[in-house]
Amino acid sequence: MNGKHRMVEQSKQWLCDALINLMTKENFQDISITEIAQTAELSRKTFYHSFKNKEAVINYLCDQLFDQYFEQLLQQKPQVGEMMLKTTFDIFLNFWWRKRDLIQLLIRQGLFDHMNEIWQQKAIPRYQQFAAPWHVQGTPTQVNYVMAFQLGGFTNILRVWLGQDHPEPPEQIKDLMLLAAQQLADSLNTN
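What follows is the structure, encoded as structure tokens:
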């Protein structure tokens, strides 16, 4: 990465951090581009060189979050059955637990559903990169439906869990998720 590219990325990060800071104090809809630029100690011109609008800043933030999350998923060693599920739940819950203040902020600002849309778009192309035993092989349309089903469960867990003022620790939520998965599996195996 050359110096100019590093500076562009640094400016984007400063603008993103500025928007997050402002959202802790005021409604996202009421925040202006000028406020974001001033808080980042950058010019409006720099803002518009980096982003089209403030929604693009949110997109950038969500892209960063999911890139970090997927990177952790991809580092997971393939395992058999329940062990893979437990490890995946651990990665999921602990990653988002560390980001809980930001997730709670996005929920309060009404931006959580937007985050989910970005997650869905980013997850589908990465579906085959993460070899999980519960992934189905199928057409792109089938994979899209399966991902919507799986991600819906995960993101709704986030919304309910981290939408609380005092969320339970990750281990407690993991136990509930495992119980739900086991009950679903058991219900499919009864004759």
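Under the working numbering, read the sequence shown as residues 957 to 1147, first letter to last.
Heads up, the beta-carbon is just placed ideally off N, CA and C, and yes, glycines get one too.
(1) At what residues does the alpha helix (DSSP H) containing P1123 begin and finish?
(2) What does the Cβ neighbour count give for L1144, buried or exposed, with the cut at 16 atoms within 10 Å?
(3) With respect to the alpha helix (DSSP H) encompassing S988, which residues constitute its N-terminal and C-terminal limits?
(4) I need the straight-line Cα distance from L1061 to I976, nearest angstrom please.
(5) Could you give the first and the last residue of the continuous alpha helix (DSSP H) run that contains E1027?
(6) Short check: CB of I1063 to CB of R1115, under 8 Å?
(7) With a threshold of 16 other CB atoms inside 10 Å of the CB of F1105, please say whether the residue is buried or exposed.
(8) Taking the continuous alpha helix (DSSP H) assigned at H1091, which residues delimit it?
(9) Please classify L1140 as buried or exposed, where buried requires at least 16 other C-beta atoms within 10 Å of its C-beta.
(10) If you compare alpha carbons, which of H1070, W1117, L1135, A1079 is closest to E1011?
(11) For D1046, which residues of its own chain have a beta-carbon under 7 Å away from its beta-carbon, when the five flanking residues on both sides are left out?
Inspection of the coordinates gives the following:
(1) Segment: none, P1123 is in no alpha helix (DSSP H) and carries neither H nor E.
(2) Taking a 10 Å sphere around the C-beta of L1144, we find fewer than 16 other C-beta atoms and assign the residue as exposed.
(3) That residue, S988, is in no alpha helix (DSSP H); it is neither H nor E in DSSP.
(4) 8 Å
(5) 1010-1030
(6) yes
(7) Per the 10 Å Cβ criterion, exposed.
(8) It is not in any alpha helix (DSSP H) - H1091 carries neither H nor E in the DSSP assignment.
(9) Classification for L1140: exposed.
(10) H1070
(11) K1130
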